[in-house]
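Asker: Got a structure here, written out as structure tokens. Questions coming.
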Amino acid sequence: METKKYNAPNMILIGSTARNSGKTTLAVSIINKYKLSRPVVALKVTTIQEKNGKCIRGGEGCGVCSSLKGNFEITEELNSDNNKDTSLLLAAGAENVYWLKALKNNIYEGFQAFSTKIPENALIVCESNSLRKVVNPGVFIMIKNSKDSQMKKSASEVIDQADITIENSFNNDFEKVIKEIENIIN
């Protein structure tokens, strides 16, 4: 059975092969580029494998997965004064920043609920690998982490769908990546 896909031509989706690869750093640059010309909304997605399951990062975990009520949850970031990824996206100038936490089988449903909260013409800058399974974005960027040879399962499942693949040794020089994005979405 083919998975339903949500068409989001106004989305720039950023995935990565490993944690700490620079997704938020790239997202901040994209927000800075577009925030003056159109509304920008940012979205961070956390995919939860199963309710009350073990933390995918090992150990006790942070409590995010175990605290999920229902099949998905959307929270809006209102604080731009700390170092959480969502706060950094808000501080960069996104009009709204949301965090979607969803069971893996409910990501589509969660994204649909998110889409009702935002202006139709907003540019969506999103960090997620798993969302690519249920959304056709305008651009999908995959960041390869040069310091971590272990590829996340979620990345291996969608890397072949990337429009742009970059190494994370970019030294915060995103002009080339932003030009590639513009060539695709314009």
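Following the numbering used here, the numbering of the sequence shown begins with 22 at its first residue and continues without gaps.
Virtual Cβ for every residue (Gly too), placed ideally from N, Cα, C.
Quick caveat: nothing in here was measured; it's all calculated off a predicted structure.
Exposed or buried, what is residue 40 when buried is set at 16 or more other beta-carbons lying within 10 Å of its beta-carbon?
Answerer: Here residue 40 refers to the residue found at position 19 of the sequence shown. Residue 40 comes out exposed.
Asker: What does DSSP give as the partner residues of residue 158 in its beta bridges?
Answerer: One-based indexing of the sequence shown puts residue 158 at position 137. In DSSP, residue 158 forms a bridge with 29.
Asker: My assumption, with CB atoms under 8 Å, is that residue 93 sits in contact with residue 134. Please give the rounded CB distance.
Answerer: As a working mapping, residue 93 is identified with position 72 in the sequence shown. As a working mapping, residue 134 is identified with position 113 in the sequence shown. Taking the Cβ atoms as the reference, residue 93 lies roughly 7 Å from residue 134, within the contact range of under 8 Å.
Asker: What distance in whole Å lies between the Cβ atoms of residue 150 and residue 118, which are believed to be in contact at a cut-off of 8 Å?
Answerer: For the purposes of this step, residue 118 is taken as the residue at position 97 of the sequence shown. For the purposes of this step, residue 150 is taken as the residue at position 129 of the sequence shown. The Cβ separation is near 19 Å, so there is no contact.
Asker: To which residues of the same chain is residue 183 closer than 8 Å at the C-beta, ignoring the five residues directly before and after it?
Answerer: Here residue 183 refers to the residue found at position 162 when the sequence shown is read from its first residue. 36, 161, 162 and 163, listed in sequence order.
Asker: Which of the three DSSP states, helix, strand or coil, is assigned to residue 117?
Answerer: Here residue 117 refers to the residue found at position 96 of the sequence shown. Note: residue 117 maps to strand in three-state DSSP.
Asker: Relative to the alpha-carbon of residue 156, which residue among 188, 145 and 165 has its alpha-carbon at the smallest distance?
Answerer: By one-based count along the sequence shown, residue 156 stands at place 135. Closest option to residue 156, Cα to Cα, is 145.
Asker: With the cut-off set at 8 Å, would you say residue 114 and residue 31 are in Cβ contact?
Answerer: Translated into positions along the sequence shown, residue 114 becomes position 93. Translated into positions along the sequence shown, residue 31 becomes position 10. Not a contact, by the Cβ cut-off of 8 Å.
Asker: Using only CA atoms, which one of 187, 171, 153 and 159 lies nearest to residue 165?
Answerer: As a first step, residue 165 must be located in the sequence shown, where it is residue number 144. Nearest option by C-alpha distance: 187.
Asker: Which same chain residues, not among the five before or five after residue 122, have their C-beta less than 7 Å away from its C-beta?
Answerer: Position 101 of the sequence shown, counted from the first residue, corresponds to residue 122. 67, 69, 85, 89, 93 and 94.
Asker: Have a look at residue 132 and residue 96 and give me their C-alpha separation to the nearest angstrom.
Answerer: Working through the sequence shown from its first residue, we reach residue 132 at position 111. Working through the sequence shown from its first residue, we reach residue 96 at position 75. C-alpha separation (whole angstroms): 12 Å.
Asker: For residue 163, which three-state DSSP category applies?
Answerer: Reading the sequence shown from its first residue, position 142 is the one you call residue 163. It is a strand residue.
Asker: So, for residue 153: in the same chain, excluding its five sequence neighbours on each side, which residues have a beta-carbon less than 7 Å away from its beta-carbon?
Answerer: The count along the sequence shown starts at 1 and reaches residue 153 at position 132. Excluding residues within five positions, the ones whose Cβ falls inside 7 Å are 34, 36, 161, 179 and 182.
Asker: Tell me where the alpha helix (DSSP H) around residue 65 begins and ends.
Answerer: Residue numbering aside, residue 65 sits at position 44 when the sequence shown is read from its first letter. That residue, residue 65, is in no alpha helix (DSSP H); its beta strand (DSSP E) goes 61 to 69.
Asker: Here's the rule: buried if 16 or more other CB atoms are within 10 angstroms of the residue's CB, otherwise exposed. What is residue 196?
Answerer: Here residue 196 refers to the residue found at position 175 when the sequence shown is read from its first residue. Classification of residue 196: exposed, given that the 10 Å Cβ count is below 16.
Asker: Excluding the 5 residues preceding and the 5 following residue 172 in the sequence, name in chain order all residues of the same chain whose CB lies nearer than 8 Å to its CB.
Answerer: Numbered from 1 along the sequence shown, position 151 holds the residue referred to as residue 172. Closer than 8 Å at Cβ, skipping near neighbours: 38, 39 and 180.
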